[in-house]
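Novice:
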Amino acid sequence: MKPFKKLLLLLLLFGLIAGGIFYFRDTDAPQVSLIPGSGPISATTELSLAVNDTLSGLKDLSVTLVQEGGRIPLATQHFEPGSEAFTTAFNLKGKKLKNGPFQIEIVAGDQSIYRLGKGNQSKTTFDLTYDTRAPIISILSKAHNFNRGGSGLVLYQLSEETSKHGVIVGDRFFPGYQQDSGQYACLLSYPYDLKEAEFIPRIVAVDLAGNERQAGIYYRSKGKTFRQRRITLSDNFLQMKTPEFEALVPEVTDPLDIFLYVNGEIRQQNRAKMAELGLQTSPVPLWNGAFLRHPNSSTVAFFADHRGYYYNGNKVDEATHLGYDLASVAQAEIPAANAGDVLFADYLGIYGLCVVIDHGLGLQTLYAHMSQLDVLAGDRVSRGQIIGRSGATGMAGGDHLHFGVFVSGQAVEPKEWWDNHWLTDNINSKLELLTH
Ligand SMILES: [Zn+2]
1024 MKPFKKLLLL
1034 LLLFGLIAGG
1044 IFYFRDTDAP
1054 QVSLIPGSGP
1064 ISATTELSLA
1074 VNDTLSGLKD
1084 LSVTLVQEGG
1094 RIPLATQHFE
1104 PGSEAFTTAF
1114 NLKGKKLKNG
1124 PFQIEIVAGD
1134 QSIYRLGKGN
1144 QSKTTFDLTY
1154 DTRAPIISIL
1164 SKAHNFNRGG
1174 SGLVLYQLSE
1184 ETSKHGVIVG
1194 DRFFPGYQQD
1204 SGQYACLLSY
1214 PYDLKEAEFI
1224 PRIVAVDLAG
1234 NERQAGIYYR
1244 SKGKTFRQRR
1254 ITLSDNFLQM
1264 KTPEFEALVP
1274 EVTDPLDIFL
1284 YVNGEIRQQN
1294 RAKMAELGLQ
1304 TSPVPLWNGA
1314 FLRHPNSSTV
1324 AFFADHRGYY
1334 YNGNKVDEAT
1344 HLGYDLASVA
1354 QAEIPAANAG
1364 DVLFADYLGI
1374 YGLCVVIDHG
1384 LGLQTLYAHM
1394 SQLDVLAGDR
1404 VSRGQIIGRS
1414 GATGMAGGDH
1424 LHFGVFVSGQ
1434 AVEPKEWWDN
1444 HWLTDNINSK
1454 LELLTH
């Protein structure tokens, strides 16, 4: 063969290989993802669509709704060469869909010359359910009486599965819990720091598609004013507490500054911890009978006492006392107020050595300033079981028990839970209404 012919053949072969590589370079169709891509959605659910083709780039895209054989074109799009990825968000507001199953069909093509220049095409179908109906809320309980700072229970029924339900009070949310009967129970509070006009409890339910409904509750509320207390900080007290608190306060040495940091910053952190624990609860009540009060104790401080702290005659801080201070003998045996699960048994800032017991439905009791703990987190305790001994750890000047009651992390008046009449009328008799 002549060298010229050889070169021509080589070139031809090279051309064929190069053309082949180019032709077969992209045989994959564009990738499509849709979130949510399954399950129930409402007219306002935001859908996120992402399409990409990194090899040859996107060429066109069409999105169609399909329901019972009918087709509703939603969007078509053509792309300039070089468009590797496309993302968009949309909802189905104003589209003529019926409640029920439907599909979103997404067809996407790329710029590849494969398939005689037609390129690759993907067709992806997502099965969803259209749901624009909010859950129906039926309130089952009657006589909802709330005292400021106190608790109450509401029972209700929901028409469908939900992602969230409970009672909202202003910016606070009290989750409800499904009972064995299938009905729902929600413990809530008229928070001590809300004025009567601000206490408007409403049941809220959001279904899996995101449809929300609220229902008002027929209720009666009673206001209450809490005590103002003046607390004098002595150098003695500050000196005594400094070594314990130093570990919690970095780079502060002045005893008053240490106190102020613990009484402010640490107190806030500890309340956040109680709010977090409030969600770790048994969905069914674990208590039985009225709650026990620390036996043979006298009350040193009440729930929601507003305290002004004075040092050398000047007001240096203030705080609300969210429990009862109960004093008896030093290192007194402390019984669990009721049956439940120990959620926390450790040192926690202002509370010192403390125990938190969960009684179910978000109801929890706190035993603070203990000198000794006899239980561990995870223990199941019975009503009256000794959980430790009183002491003066944390923000305490002398040996006493700080007893707190919380409903889904909201501090409430413990007195109600000690009162068998109140408990029967407002809580236990309602729970007995649930059909089993
Ligand atoms: Zn206290």
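For the sequence shown, this note's numbering assigns the number 1024 to the initial residue and increments by one for each residue that follows. Just so it is clear, CB atoms sit at the ideal spot from N, CA and C, and this is done for glycine as well.
Terminal residues of the continuous alpha helix (DSSP H) containing T1265?
Specialist: 1258–1269
Novice: Per DSSP, which residues does K1116 bridge with? Please list them.
Specialist: Answer is none; K1116 lacks a bridge partner.
Novice: Out of curiosity, what's the CA-to-CA distance linking I1191 and Q1180?
Specialist: 16 Å
Novice: Would you mind stating whether L1115 and A1066 have Cβ atoms separated by less than 8 Å?
Specialist: yes
Novice: Just how far apart, CA to CA, sit P1266 and I1373?
Specialist: 14 Å
Novice: Say the cut is 7 Å; is the CB of H1344 nearer than that to a heavy atom of ligand 1?
Specialist: yes
Novice: Would the region 1152–1162 and the region 1438–1458 be scored as touching if the rule is three or more Cβ pairs under 8 Å?
Specialist: no
Novice: Classify A1208: buried if its beta carbon has 16 or more other beta carbons within 10 angstroms, exposed otherwise.
Specialist: A1208 is classed as buried because its beta carbon has at least 16 other beta carbons within 10 Å across all chains shown.
Novice: Bridge partners for S969 per DSSP, in chain order?
Specialist: In the structure displayed, the chain extends from 1024 to 1459; residue 969 sits before or after that span and is not available.
Novice: Name the residue from S1431, F1149, T1148, G1132 whose alpha carbon lies nearest to the alpha carbon of K1141.
Specialist: Nearest of S1431, F1149, T1148, G1132 to K1141, Cα basis: G1132.
Novice: Apply the 10 Å Cβ neighbour rule to G1336 and answer buried if 16 or more other Cβ atoms are within range, or exposed otherwise.
Specialist: exposed
Novice: When burial is assigned at 16 or more other CB atoms within 10 Å of the CB, is M1393 buried or exposed?
Specialist: Taking every protein chain shown into account, the CB of M1393 has 16 or more other CB atoms within 10 angstroms, so this residue is buried.
Novice: For V1285, name the three-state secondary structure that DSSP assigns.
Specialist: helix
Novice: What does DSSP give as the partner residue(s) for T1147 in the beta ladder?
Specialist: Beta-bridge annotation (DSSP): T1147 is paired with I1129.
Novice: Using only the alpha-carbon positions, how far apart do G1411 and E1183 sit?
Specialist: 45 Å
Novice: Determine the contact status of L1457 and L1070, defining contact as a CB-CB distance below 8 Å.
Specialist: no
Novice: Quick check on this structure: which residue in N1234, S1186, V1323, I1450 has the alpha carbon closest to the alpha carbon of G1157?
Specialist: As written in the sequence, residue 1157 is Ala, which differs from the Gly given in the question. Comparing Cα positions, the closest option is N1234.
Novice: Pairing CB atoms from the region 1417–1432 with CB atoms from the region 1347–1357, are three or more of them under 8 Å?
Specialist: yes
Novice: Out of R1236, Y1137, S1145, state which residue places its alpha-carbon closest to the alpha-carbon of T1155.
Specialist: R1236
Novice: On the DSSP letters alone, give me the boundaries of the alpha helix (DSSP H) that M1297 sits inside.
Specialist: 1290–1300
Novice: Rounded to a whole number of angstroms, what is the C-alpha to C-alpha distance between V1285 and D1150?
Specialist: 55 Å
Novice: Which residues in the same chain as L1120 place their Cβ atom closer than 7 Å to its Cβ, once the five residues preceding and following it in sequence are excluded?
Specialist: L1088, Q1090, Y1153
Novice: Can you give the beta carbon distance from V1501 to G1401, rounded, assuming they're within the 8 Å contact cut?
Specialist: The structure shown has nothing for residue 1501, since the chain only spans 1024 to 1459.
Novice: Can you confirm whether the region 1293–1305 touches the region 1316–1328 when touching is taken to mean that 3 or more C-beta pairs between the two stretches lie within less than 8 Å?
Specialist: no
Novice: Is it true that the region 1168–1177 meets the region 1206–1225, where meeting means three or more beta-carbon pairs spaced less than 8 Å apart?
Specialist: yes
Novice: Taking the alpha carbon of P1437 as the point to measure from, which residue in Q1395, H1344, H1101 has its own alpha carbon closest?
Specialist: Ranking the options by Cα distance to P1437, first place goes to H1344.
Novice: Which ranges would you report for the beta strand (DSSP E) in the region 1050–1099 if only whole runs of at least 3 residues count?
Specialist: 1054–1058, 1062–1064, 1070–1075, 1081–1090
Novice: What do you reckon, are the CB atoms on Q1433 and R1195 nearer than 8 Å?
Specialist: yes
Novice: Is D1422 near ligand 1, judged by its Cβ being under 7 Å from some heavy atom?
Specialist: no
Novice: Would you check if the distance between the CB atom of N1311 and the CB atom of A1362 is smaller than 8 Å?
Specialist: yes
Novice: Using a Cβ-Cβ cut-off of 7 Å (strictly less than) and excluding sequence neighbours within five positions of F1125, which residues of its own chain qualify?
Specialist: By the criterion of a C-beta distance shorter than 7 Å, F1125 is surrounded in its chain by L1088, V1089, Q1090, L1151, Y1153, once the five residues flanking it on both sides are discounted.
Novice: Could you tell me which of L1309, R1243, A1073, L1454 sits nearest to N1170, measuring between CA atoms?
Specialist: R1243
Novice: I think Y1200 touches L1384, with their Cβ atoms under 8 Å apart; what is that distance to the nearest whole Å?
Specialist: 6 Å
Novice: Which class does D1402 belong to by DSSP, given the choice of helix, strand or coil?
Specialist: coil
Novice: Reducing DSSP to helix, strand and coil, say where Y1179 ends up.
Specialist: Three-state result, Y1179: strand.
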